[in-house]
Amino acid sequence: MTAGATKQSVINDARKSKMKHINQDSQRRIRRDFQQKETKKPTEEGNNCFLDFISNMLSPFRKEDILEEVQTTNFSKQDMKQSVSEIFDGSRRIDIDTIEESPEDLESSQTNLQTVHGDGNPNNTEDQATTYEDVADGYTEGGKFEEAMKSYKQALEIRLLTMGKDHLVVVGTYNKIASIFRCQLKYDEALETYEKVLAIRLKNLGASHPDTAKTLNSMANVLSRQGKFDKAMEKYQQALKIRIKAFGWDHLITSDTYCNIAGVLYNQGKLDGAMKIHQLVLAIRLKELGREDPDIADTYNNIACICYDLKKFNEALKLYKQTMAIRLRTVGPDHPDSATTNYNTGNVLRKLGKYDEAMAMHQKALKIRLETTGKDHADTADTYRCMAIILQNQGKKQQAREMCQEALEIRQKCLGQDHPDTTKAQELLDKLCA
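Structure below.
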């Protein structure tokens with residue numbers, strides 16, 4: 052895989068890989084063409100607790116099965132209840148009946164799209180905008196984000212002048228600009244850009260269109276990266292309502308939002324709820340994708356994260372090994388996802404006191420991250436910090452200080468002086484220097 056391809060994957064995959072957990076966005080599943088399907092209107096019988104619903108869904112899938120690769124032959128739609136009205140607790144509710152039908156529903160939105168795009172004959176001005184965007188895409192693949200941003204803005208300026216600020220064609224350029232902001236860790240700017248996308252999609256497509264859900268999901272991903280988990284949860288819930296109605300409970304796109312919601316719970320320390328949801332995601336994905344798919348590896352990774360935090364290190368290690376086996380066969384050893392798995396495995400080995408093996412894993416992760424995301428990236432800083440902790444445990448204080456200093460300088464540059472991760476790196480360095 053080329054360096055450019057790995058750079059692009061960083062943009063397409065909205066990931067929280069800083070610690071371990073992998074976030075998911077259905078926009079990254081461009082390899083599949085999904086057909087929308089109707090779902091039955093919920094009944095009062097379906098108004099049950101979301102986690103109870105998931106527990107019932109998972110009755111054939113016990114923890115032991117997951118650790119031995121879950122068998123899903125008896126997983127079918129009839130196992131699923133018709134609806135869900137509560138999510139996580141009484142204060143967070145999903146009421147499918149409250150989604151208002153409007154003239155801008157899925158069917159009429161297709162007419163909207165045809166009207167907006169017209170006869171599809173490009174003019175020279177649109178050709179020019181397309182050229183700027185193609186150039187920007189090339190810069191993006193090479194990791195030259197500043198140059199990419201300049202070209203995207205030139206394309207945007209042309210389209211705003213010729214198409215107008217509410218045209219759906221503008222959405223694609225805005226999304227690419229937001230992706231660049233995310234790669235640059237400029238989350239406020241990314242969120243502001245997604246707000247513009249949301250306004251355009253609401254006006255042209257309506258509140259219940261799957262593309263509107265995409266934007267809500269992307270906004271939630273940014274909020275999650277900022278640590279604004281309550282706000283992220285609200286956006287994910289809105290996206291989930293739309294996706295359940297458009298695709299159904301057991302669709303792969305819906306499973307992405309389940310995964311993201313589980314990520315919020317994980318970051319809030321609600322590990323039992325996160326585990327149940329990830330088990331549901333695994334059941335859906337195994338049924339639809341089989342075992343040899345990157346999304347299966349992501350799900351094993353996320354379940355392993357929870358095992359790690361529950362101090363079930365041997366179970367976590369086994370799952371990370373399963374994750375890496377899939378990574379090697381699907382994306383290769385030099386992909387950023389493989390770096391994340393090496394990093395996670397190193398953390399487990401460190402907890403098990405296997406410092407030499409842990410260091411070897413972190414060195415692999417560091418090599419990949421330096422080659423793909425670069426030195427001045429938060430994930431690279433995380434790797435340096437973990438290596439510093441291992442060296443500290445081995446009594447190699449001078450080397451540990453050097454590694455910790457690297458982590459601190461990167462975090463100060465990427466995250467700012469007042470970020471909690473920067474503070475943690477400073478505290479570790481102070482301890483090593485004492």
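Going by the numbering used here, the first residue of the sequence shown is number 52, and it counts up by one from there.
A virtual CB, placed ideally from N, CA and C, is assigned to each residue, including glycine.
Can you tell me whether DSSP reads residue i as helix, strand or coil?
i: threonine 473; result: helix
i: threonine 266; result: helix
i: arginine 378; result: helix
i: glutamate 339; result: helix
i: glutamine 289; result: helix
i: histidine 329; result: helix
i: leucine 368; result: helix
i: histidine 386; result: coil
i: glycine 171; result: In this prediction, glycine 171 has a pLDDT of 43, which is less than 50 and means its spatial position is unreliable; what the coordinates show is noted afterwards. Here glycine 171 sits in coil by DSSP.
i: histidine 428; result: coil
i: alanine 271; result: helix
i: aspartate 217; result: coil
i: leucine 421; result: helix
i: serine 283; result: First, the residue type needs correcting, since residue 283 is alanine and not serine in the sequence shown. Helix.
i: glutamine 205; result: helix
i: glutamine 468; result: coil
i: lysine 237; result: coil
i: glutamine 373; result: helix
i: glycine 299; result: coil
i: serine 259; result: coil
i: lysine 344; result: A small fix is needed here, since residue 344 is aspartate in this sequence, not lysine. Note: aspartate 344 maps to coil in three-state DSSP.
i: aspartate 199; result: Before going further, note that residue 199 is alanine rather than aspartate in the sequence given. It is helical.
i: leucine 403; result: coil
Alpha carbon to alpha carbon, how far is residue i from residue j?
i: cysteine 455; j: tyrosine 435; result: 6 Å
i: glutamate 243; j: aspartate 407; result: 45 Å
i: isoleucine 228; j: phenylalanine 280; result: 23 Å
i: leucine 253; j: threonine 263; result: 7 Å
i: threonine 266; j: glutamine 449; result: 47 Å
i: methionine 410; j: methionine 438; result: 6 Å
i: isoleucine 486; j: arginine 462; result: Outside the modelled stretch of the chain, which goes from 52 to 485, sits residue 486, for which no answer is possible.
i: isoleucine 328; j: leucine 403; result: 27 Å
i: isoleucine 209; j: alanine 271; result: 29 Å
i: leucine 256; j: alanine 250; result: 10 Å
i: glutamine 443; j: lysine 363; result: 23 Å
i: cysteine 310; j: valine 332; result: 7 Å
i: glutamine 179; j: glutamine 288; result: 39 Å
i: glycine 324; j: leucine 361; result: 13 Å
i: threonine 474; j: lysine 447; result: 22 Å
i: tyrosine 245; j: aspartate 307; result: 19 Å
i: methionine 375; j: leucine 337; result: 17 Å
i: leucine 370; j: arginine 294; result: 29 Å
i: lysine 128; j: histidine 302; result: Only weak support exists for where lysine 128 lies, its pLDDT of 38 falling under 50; the value from the coordinates is given anyway. For lysine 128 and histidine 302, the distance between alpha carbons rounds to 10 Å.
i: asparagine 268; j: lysine 282; result: 12 Å
i: leucine 479; j: aspartate 472; result: 11 Å
i: valine 273; j: cysteine 234; result: 11 Å
i: histidine 470; j: glycine 189; result: 32 Å
i: tyrosine 317; j: glutamate 177; result: 45 Å
i: glutamine 373; j: lysine 247; result: 41 Å
i: glutamine 205; j: leucine 211; result: 10 Å
i: histidine 218; j: leucine 207; result: 11 Å
i: lysine 292; j: lysine 405; result: 45 Å
i: alanine 451; j: alanine 334; result: 42 Å
i: glutamine 445; j: glutamate 453; result: 14 Å
i: methionine 326; j: glycine 320; result: 11 Å
i: aspartate 481; j: lysine 216; result: 51 Å
Quick one: residues in its chain with C-beta nearer than 6 Å to the C-beta of residue i, no 5 flanking neighbours on either side, listed in chain order?
i: threonine 191; result: Ala199
i: glutamate 240; result: Phe232
i: arginine 401; result: Ala409, Ile441
i: glutamate 457; result: Tyr435
i: lysine 195; result: none
i: lysine 464; result: Asp427
i: cysteine 290; result: Per the sequence shown, residue 290 should be read as alanine rather than cysteine. Around alanine 290: Ala264, Leu267, Asn268, Thr308.
i: lysine 286; result: Leu267, Met270, Ala271
Excluding five sequence neighbours on each side, which residues of the same chain lie with their C-beta closer than 8 Å to the C-beta of residue i?
i: tyrosine 203; result: Tyr183, Glu184, Ala187, Thr224, Lys227, Ile228, Ile231
i: threonine 381; result: Glu343, Asp344, Pro345, Ala348
i: glycine 341; result: Ile347
i: serine 160; result: Because serine 160 carries a pLDDT of 37, less than 50, the predicted location of this residue cannot be relied on, and the following value inherits that uncertainty. Around serine 160: Asn255, Leu256, Gly257, His260.
My guess is that residue i and residue j are in contact by the Cβ rule of under 8 Å, so how many angstroms apart are they, rounded?
i: leucine 459; j: alanine 485; result: About 15 Å; that fails the 8 Å criterion.
i: arginine 378; j: aspartate 385; result: Arginine 378 to aspartate 385, Cβ: 10 Å. No contact.
i: arginine 420; j: aspartate 430; result: 5 Å
i: isoleucine 312; j: methionine 284; result: 7 Å
Can you confirm whether residue i, when its beta carbon is compared against all beta carbons of chain B, has any partner nearer than 8 Å?
i: isoleucine 335; result: The chain labelled as chain B is not found in the depicted structure, where only one protein chain is given.
Spatial neighbours of residue i within its chain, please: C-beta separation below 7 Å, excluding the five flanking residues on both sides.
i: alanine 416; result: Ala390, Asn393, Tyr394, Gly397, Thr434
i: methionine 214; result: Val220, Val221
i: glutamate 115; result: Per-residue confidence for glutamate 115 stands at a pLDDT of 45, beneath the threshold of 50, marking its modelled position as unreliable; the derived number appears in the next sentence. Nothing listed; no residue qualifies.
i: leucine 399; result: Sequence inspection shows valine at residue 399; the leucine mentioned does not correspond to that position. Taken in chain order, the residues that qualify are Tyr359, Phe364, Ala367, Leu368, Tyr371.
i: tyrosine 238; result: Val273, Arg276, Gln277
i: tyrosine 351; result: Leu370, Gln373, Thr374
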